[in-house]
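To convert, count from 1 in the sequence shown and add 60; that's my numbering. The beta-carbon is built from N, C-alpha and C at its ideal position, and this holds for glycine as well. Notes to accompany the following structure.
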Amino acid sequence: MSHREETFESRRRFLQLTAATALGACLGGWSLFTRAGDLPHLTITDPTAKAMNYVEDAGAANNALYKSGSICANCQFYHGPDVGYGTCQLFPGKAVNAKGWCTSYTSKKA
Ligand code: SF4
61 MSHREETFES
71 RRRFLQLTAA
81 TALGACLGGW
91 SLFTRAGDLP
101 HLTITDPTAK
111 AMNYVEDAGA
121 ANNALYKSGS
131 ICANCQFYHG
141 PDVGYGTCQL
151 FPGKAVNAKG
161 WCTSYTSKKA
């Protein structure tokens, strides 16, 4: 391969890498803009929510696993504000109430 061909090949790879990086940055940025406010709220009638005994208000939890003070906002699976709605890794595509709770609760302190 001549020096000219090597230079061309090097530039081609650089441009491919740059294009792939730009695409990745765009997709990553798009996912950051998917906020809990854009998602439907998880309801207690959702089959998975039912299976995990999800409640919108932890104070209403009627479950032996519930410990006082446990709410979505301080669960390690929760991401979002302390008031209102955020996302939960266990319920992709739905927003959970910061004051909610389910049997998969895991303290952020754990
Ligand atoms: S796993 Fe945690 S954040 Fe998700 S619903 Fe249950 S208590 Fe809330």
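Residue i beta carbon near ligand 1 (any heavy atom closer than 7 angstroms)
{"i": "Val115", "result": "no"}
{"i": "Tyr145", "result": "no"}
{"i": "Tyr138", "result": "yes"}
{"i": "Ser128", "result": "no"}
{"i": "Leu150", "result": "yes"}
{"i": "Ser167", "result": "no"}
{"i": "Gly119", "result": "no"}
{"i": "Gly160", "result": "yes"}
Opposing strand residues paired with residue i [DSSP bridges]
{"i": "Ser167", "result": "Cys135"}
{"i": "Val143", "result": "Answer by DSSP bridge pairing: none, since Val143 is not bridged."}
{"i": "Cys148", "result": "Tyr138"}
Unbroken beta strand (DSSP E) run spanning residue i, endpoints
{"i": "Ala155", "result": "155-157"}
Boundaries (first-last residue) of the alpha helix (DSSP H) holding residue i
{"i": "Pro107", "result": "107-111"}
CB-CB length for residue i against residue j, believed under 8 angstroms
{"i": "Ala170", "j": "Gln136", "result": "7 angstroms"}
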